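Engineer:
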Amino acid sequence: AQSVTQLGSHVSVSEGALVLLRCNYSSSVPPYLFWYVQYPNQGLQLLLKYTTGATLVKGINGFEAEFKKSETSFHLTKPSAHMSDAAEYFCAVISGGYNKLIFGAGTRLAVHP
Amino acid sequence: GAGVSQSPSNKVTEKGKDVELRCDPISGHTALYWYRQSLGQGLEFLIYFQGNSAPDKSGLPSDRFSAERTGGSVSTLTIQRTQQEDSAVYLCASSWDGSEEFFGPGTRLTVL
């Protein structure tokens, strides 16, 4: 069965600093991997996804993630944090033939001046 | 174009009452998913629809929960005899081909 582990429920960075949010997955089949962002009192917005092909995936708002099969990881990065990046971030993997999402527990990102 | 919409945005109910939550998917999206987001359990899959059929109901937590979809479009999630542990945000998502799900803003349910 597929599963997702996000290391660190809370991450705090300074504005302008590197953002690194960690995600490891477990999957018995080649995974489809996703990062979603949730701003307060809003639904989930897709940041980026990996299905096949290039392992470095670029998304919206300057975020990118690299699929590393050998490490079963899909960490999310952004070179320079903005205050507007403060939100909760969820890593997810598709599970089964019906493409339902299995989510990690989420990482709340705080950005301070 | 219009995204996924959900109504109501907030629902407060008393323990034991029934509630209905509505989801309007993006037009033309044949796949529809319900998820629940709660403090203790994170984001959990509830049920998946392909058209009007629900081939995967494995996430429904009890027989008090049911859902239907009509016309390959609108879906309703019904919770009977609500309990306090049902308090959560209920999220709906739709998809054209399963490779990407588009989420609605959610319905925040509070059971007193």
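Residue numbers (the working numbering), protein chains in the order written: chain A, 59 to 171; chain B, 118 to 229.
Glycine included, C-beta positions come from ideal geometry on N, C-alpha and C.
The structure displayed is predicted, hence computed values, not measured ones.
1. Take Val62/A as the anchor and find which of Thr113/A, Leu167/A and Ser85/A has the nearest alpha-carbon.
2. Measuring only the C-alpha atoms, how far is Ala168/A from Leu134/A?
3. Expressed to the nearest angstrom, what Euclidean distance is found between the alpha-carbon atoms of Asp180/B and Phe162/B?
4. Out of Lys132/B, Arg186/B, Ser216/B and Ile143/B, which has the shortest C-alpha to C-alpha gap to Ile152/A?
5. So what does DSSP say about Gln197/B, is it helix, strand or coil?
6. Can you tell me whether Val87/A is buried or exposed? The criterion is at least 16 other CB atoms within 10 Å of its CB, across all chains shown.
7. Anything in chain B within Cβ reach of Lys107/A, meaning under 8 Å, just list it in chain order.
8. Any Cβ of chain B within less than 8 Å of the Cβ of Tyr156/A?
9. Check whether the Cβ of Asp173/B lies closer than 8 Å to any Cβ atom in chain A.
10. Would you call Leu229/B buried or exposed, if buried means 16 or more other Cβ atoms sit within 10 Å of its Cβ?
11. When you check each C-beta in the stretch 137-153 of chain B against every C-beta of chain A, which residues fall closer than 9 Å?
12. Report the residues of the stretch 103-137 of chain A with a CB closer than 8 Å to any CB of chain B, ordered along the chain.
Structural biologist: According to the data block:
1. By one-based count along the first sequence, residue 62/A stands at place 4. Checked all of Thr113/A, Leu167/A and Ser85/A; the closest Cα to Val62/A is Ser85/A.
2. The count along the first sequence starts at 1 and reaches residue 168/A at position 110. The count along the first sequence starts at 1 and reaches residue 134/A at position 76. Distance between the alpha carbons of Ala168/A and Leu134/A is about 15 Å.
3. Walking along the second sequence from the start, residue 180/B turns up at place 63. Walking along the second sequence from the start, residue 162/B turns up at place 45. The straight-line gap from Cα to Cα measures roughly 16 Å.
4. Locating residue 152/A in the first sequence gives position 94, counting from the first residue. Nearest option by C-alpha distance: Ser216/B.
5. Your numbering for residue 197/B matches position 80 in the second sequence. Looking at Gln197/B - three-state DSSP - the assignment turns out to be coil, as it is neither helix nor strand.
6. Here the question's residue 87/A lines up with position 29 in the first sequence. Result: exposed.
7. Sequence index remark: in the first sequence, residue 107/A carries index 49 (1-based). Correct list: Ser216 and Glu217.
8. Here residue 156/A refers to the residue found at position 98 when the first sequence is read from its first residue. Output row for Tyr156/A: interface = yes.
9. On the second sequence, position 56 is the one that residue 173/B refers to. Yes, Asp173/B counts as interfacial toward chain A.
10. Indexing the second sequence from 1 puts residue 229/B at position 112. Counting Cβ neighbours within 10 Å, Leu229/B comes out exposed, since fewer than 16 surround it.
11. Ala148, Tyr150 and Tyr152
12. Gln103, Leu104, Lys107 and Thr109
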